[in-house]
Structures are given as C-alpha cells and as structure tokens.
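Report on the following structure.
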Amino acid sequence: MGYGYSGRILYVDLTTKEFWTKELAVDYVRPVIGGAGLGIRILMDEVNPKVDPLSPENKLIFAVGPLTGSAVPCTSRMAVVSKSPLTGAVGMSLSGGYFPAELKFAGYDALVISGRAEEPVYIWINDDRVVIGDASGLWGLTTTDTQIILKEKIGQLDAKVACIGPAGERLVRYACIINERRAAGRKGLGAVMGSKNLKAIAVKGTRKVAVANEERFKQALKRVHELMKESPVLYPSFSKMGTPMVVEVTAELGILAAKNWTATGIFAPVETLGGEAQTRYTITRMGCYNCPVRCGQVKVVKSGPFAGFMTEGPEFESTYSLGTMVGVNYFPAVIAADRLCDEYGLDTISTGACIAFAMELVERGLLSVDEVDGLDLRFGNYDALIKMIRKIAYREGFGDILAEGVKRASEIIGRGSERYALHVKGLELPAYDVRGAKAHGLNYATAYTGADHNRGYAIQEIFNVPVPYKVDRLAIEGKGRLCKWNQDVRTAVCDCMPLCAFPFDMALAANALEIVAELYSALTGLEMTPEEVQKAGERVVNIARMFNYKAGFTRADDVLPARLMEEGVPGGASKGQMITREDLDKMLDEYYEARGWDKGKGIPTKEKMIELGLPIEWLS
Ligand code: SF4
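Numbering-wise, the working numbering puts 382 at position 362 of the sequence shown, and it's gapless, one number per residue.
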C-alpha cells in the first residue's frame, strides 16, 4: 500500500523482548478502514475473549487511521484497544495530541504489544529502529515528569511520549494513558499497560503520508475547511470555550447529572462551572497536531487554596465528574482535581463517579467515616475529593476499594450498595443524564464499551442537529434506528478514519459520509462510497459485539442502572423523566431489528454476518 496507509504493523513482545513488522494487507484493513476498526479486528483475531485482561496474553493495540498525519485537519487521533480490565469487554479509547501523527510518520498503522516484561521498560520507536529500554528510573513518576525525563534519557526532546502514571503501575482498573496533555482515558487501558510493566512509549518519525490523487484530495480538503468556517459554533464558541460550553447546554436541557444522579436539574452551578465562567481562568489555548480549532483551554488558579494549579481542561466530562457529580461548585478545586487525575494517570470520569458513589453511601449511612479513612466524604467537600483521588491512585486505604470501579466496589461493600453503583457493563456513567435523552440512553446500554457517550453520541437530542432527521429527545419510538445510525456513522468517521468528533458534530455531520468517502478515496487511491463508509462502521460494531459475546456478554447486559429506570429526574427541564424497563425493552427490540440481530441473544444473525462478510463460525 503506497498511499494513505503506512502498510505496516509493528509487533512488540515484552516477554521475549522481540519485535517485528507485519505487512498490512488492503483486504484486511479496508473493510474496517483503520483506527478503532483495525484495533478491534486485531483484538478479535489475536486475543482470546476469555483472557484475563491483566495477563501477558492480553494485547495492547495502538492504531491510527488512513487520515492520521495527512493534511486533513483534526485527524491526529489514535484508538487504543485491548480487553478492558474494568468491563471485561472490548476496551477502546481515542486520544488526540501529537503522538498519533508521529506514530504514522514512523511508518506504522498500528503498534501491537503483548507479553509482560520482568522489570519496568519503555519502548522507543525511531522510524525502523526499536529499542526496549530500562524504565526502572521512570517507575513511580507522574505523567508529565515521565514524558520530560524519558525524552532526556533517549536524547530526543521532540519525540512524542505516551505513558502511565502511578495509577497504571498499581493496576487501578480505570487508569488511563496520557500523551502530552491528552488521554486515552476510559476503560482502564493504563492498567493493561501497567500489567505489562510498560511505563512509556516514545516515538519519532520522518516519513510523510503519501497522497494518491493530489488534485482530488486538495478539492475535498478545501470543502472541509469551508464547512468548518461556515459553522456558527466551531470557531466562534468552541475554540473559545472548548467542551465546557456543553455545561450550559446540558444544564438548560436538565440533563447535567449531579450528586451521583440524585440532583440532576437541581444542582447545576453554571455561574461557577459553566463554559463562560471557566474562561476567567484561561491563559492560553492548545491543540492537537494540525488542528486549527485548538479547543484545549489551559486554565490556572491564581489565588486561594489551589493557587498554582494549572490544567489543560477540565473538559466538559471532567467538569461533571469532578464538579457536579461530587457536588463541588468551587471551580479551582475542579482544576486541581483534574490536574491530579492527569498526573496520576486516572480516568477523570470514573474517578469522580467512584467518589460520588462513596459520598452517597456515606450520606446514606452505609459507610462510616472510619471506613473511608476518617474523611468527611460528603457531596461538596472538595478537600475530601482531593485526598481520595490520591488514595485511589496509590491504592491506599479505602482508595484501594474504589480503585476497582463502582461495580466491584459495591460487590465488596455489599449492604445494598449495588443500587447506588451507576454503571453499564462495569463502566461508570458519563455526564449526560440520559433519562432526558433517550437515544443517548440506549447508546449507554448498547455501546460495546459500556456506558460510553462517544460511541453513539446523539447530536440530534443534545444539540438539536437534524441529521439524519429531527427528533424529540424524550420520545422512545424511532430511537433504536437512530442509535444504530449514530453508532455506525460515528464509528466509521470518528473512530476509524479517524476524524475528531468535535468538527464532526459542529460542522461536518450533515455531509460527513460523503466528505470522508471522498477524502479516503483521493488519499488512498482505493475507491470507497459513503455507503461503504457507513457499512464499515457497522462491521466494526458487529466485530466488537461478537468479541463481547464470546467474552460472556448477552442481551441481559444491555441494561441501565435501576436508578435510571425507576427514579425520575428530580428537577429542571427533564423533571420526572426516566427510561423504564419497558421503554428500554421497546428501544432494544427496535435496535436489534435495525441491526439484524437475534433479539434473544443480542448477536448478529447468520444473514447479517454474511452481509457484512464476517465469518459465520464466530456464531458457534
Ligand atoms: S478540536 Fe480539539 S480535540 Fe479535536 S483535534 Fe482539535 S484540539 Fe484536538
């Protein structure tokens, strides 16, 4: 493959310290495009779905896409894929920054890591040269320090580094992988890296992404820039505020979840945590490689108890998890909590959700102050929040229990605490209280990664975007088909090509399939229609579904926490809304039907497997 793709996968076995490359065949990658599709296909082909996620047999896959490193803006994205130690299902998390483009420049479409080193190591990839080095001096460092010291150690200050912090080293089940200030945040992929004794990966490349048809590619690229400029939101608002602008949107809709989902619509402190309010702390903006939007907002606390804390963020989701979810409206504390999570290498969403779960248990008298290490762990107490974040990262005291995630923590604690452990398939809930956005709720229930806002984000319900058609966010009918459309299209465009979800949502959604089909065809010289792009997304969702089925997941796992099905939203514009068991079943039936899945087992029928060109032996 001469164009778009690098045409090579780099394999590293940390047990034997061997590495080798494998040619990436067109007929292997084209049906799944690349990125998440390539990573999930490799996972399905090379990892036993029953494997212990923290064993040497699990693989950790970093996969970029055909657009990565090209002139298309907002495409320095990579999918990190593995079997998740938090959910036991497919773990897939996307990250931006500069590392993904650099991996492509080094000449690889994917990096596949297996085995376990006896002592801590790093991997240094410099084009064709690969070194597995001693990382004992780096072990214990936070993520920023790891990146600085490793670059010094290898003598390449402009190398890009992805690494874990103390949380990944201690196998916290929702530890993340940090590159620059970006995170492959969710599903515990940092713990998989830690289980392999792999502290960091440094990469530097000198290749360029070759284009098959320059003139055609230039025209398609021009169209992308035009649409991005025409968006009334992307540059005027999103560049200025970043994702926190969604605080205002969700607060108005009454779907900004708060206090472990007991105060949605009641506790929504827009005046201190809203996107506009957060700009008072912004000192500059940052962006990923080749991104004119630069949505990363660098914020600093200049006075008070958290003076000196700086973070790129907090993103909207972290404003929820470390703010409204834990009942904190003091923004400097949210900045500090966000920075600490990044430095320790913790997923901010799961961290805040785990602490909010414990706060509710304390307030209900199900946990005593002694059991939570003497902390006054109640909603709104940001001192306790900050202390508990460290305890989780280092697995100290009660933090050791919360480091397991809410599902396992509730099983350890017992006393009926399962009711307050909010998760789907073990993944803690993101910010959108989906009782007031039903297709988004169905996506939480069915996404192959668990409760994941990114897989099938319902832009129609949250931003009123009429693509592919206008919807009523509170209606149940039609949401099965809509959820399928969102998951398939987003998987293909944002996860596999991959193109950042923000320009997709705010500028390109209406034309995304046509645009990426044209970009892909011009770049790679392999013709692909918009229908084929969408079909590729569907194929990837089905491969992931089959991996999960073989790992033991069934229709019974496509469920929402009891609170969402039995308790109405307490206040605000979505007051009283819930997704009852009956509502969910109705949406699931429609969703399975639209997907061509067996309604009992929740897996593809033989006909669907044949239609997608997937092996029917997987069904046996
Ligand atoms: S919009 Fe933001 S997240 Fe997306 S590529 Fe640009 S800087 Fe990165």
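Note that the Cβ used here is the ideal one computed from N, Cα and C, for glycine as well.
- Annotation for L123: the continuous alpha helix (DSSP H) segment containing it runs 119-125.
- In terms of Cβ geometry, S102 and L80 form a close pair [threshold 8 Å].
- Taken through DSSP and simplified to helix, strand or coil, Y142 comes out as strand.
- Contact annotation, G116 with R206: C-beta distance approximately 14 Å; criterion of less than 8 Å not satisfied.
- Near ligand 1, meaning a beta-carbon closer than 5 Å to one of its heavy atoms, we find C94, G116, G307, C308, C311, V313, C315, C520, F522.
- Judged by beta-carbon spacing, Y364 lies beyond the 8 Å limit of A211, meaning their Cβ atoms are not closer than that value.
- Counting only residues of its own chain and dropping the five nearest sequence neighbours on each side, P93 has a CB closer than 8 Å to the CB of V244, H245, M248, N310, C311, P312, V313, P523.
- Within the DSSP secondary-structure output, K224 pairs in a beta bridge with N146.
- Here G27 is not near A126, since their CB atoms are 8 Å or more apart.
- Taking one beta carbon from each stretch, the region 590-606 and the region 483-492 have fewer than 3 pairs nearer than 8 Å; the two do not touch.
- With fewer than 16 other beta carbons inside 10 angstroms of its own, L177 counts as exposed.
- Looking at the backbone, the Cα of S594 and that of A467 are separated by about 23 Å.
- Here P450 really is in contact with I369; their C-beta atoms are around 6 Å apart, less than 8 Å.
- In summary, G394 is exposed, with fewer than 16 beta-carbon neighbours lying within 10 Å of its beta-carbon over all protein chains present.
- Counting only runs of 3 or more residues that sit fully inside the region 27-59, the beta strand (DSSP E) segments are 28-33, 38-43, in chain order.
- For the 8 Å CB-CB criterion, T263 and F336 form a contact.
- Residue nearest to A353 within the set A373, N217, F326, E637 is F326 (criterion: CA-CA distance).
- L442 counts as buried, since no fewer than 16 other beta carbons sit within 10 angstroms of its beta carbon.
- Straight-line measurement puts the Cα of D403 at about 46 Å from the Cα of I53.
- DSSP assignment within the region 218-277 yields the following whole alpha helix (DSSP H) runs of 4 residues or more, N-terminal first: 234-250, 265-273.
- For the pair L44 and I29, the CB atoms are nearer than the 8 Å cut-off.
- With 16 or more other Cβ atoms from the protein chains shown falling within 10 Å of its own Cβ, E268 counts as buried.
- By the CB criterion at 8 Å, I152 and K42 fall outside the cutoff.
- Proximity of the region 344-352 to the region 165-179 falls short of the contact definition, fewer than three beta-carbon pairs being nearer than 8 Å.
- Spatial neighbours of N568 in its own chain (CB-CB distance under 7 Å, excluding positions within 5 residues in sequence) are listed in chain order as A109, V110, Y468.
- Here T35 is exposed. Its C-beta has fewer than 16 other C-beta atoms within 10 Å.
- Between the region 540-559 and the region 224-243 there are three or more C-beta pairs closer than 8 Å, enough to call the two in contact.
- DSSP places H473 in the coil class of the three-state scheme, outside both helix and strand.
- Inside the region 566-629, DSSP marks whole alpha helix (DSSP H) runs of 4 or more residues at positions 582-586, 601-615, from first to last along the chain.
- Per the DSSP secondary-structure output, F82 pairs in a beta bridge with V100, L131.
- Taking a C-beta distance under 8 Å as the contact criterion, A459 and C514 do not qualify as a contact pair.
- For G153, the three-state secondary structure derived from DSSP is strand.
- The region 81-89 and the region 117-137 touch, with three or more beta-carbon pairs separated by less than 8 Å.
- R384 and G620 have their C-alpha atoms some 38 Å from each other.
- In this structure, the straight-line span from the alpha carbon of L360 to that of Q167 is close to 16 Å.
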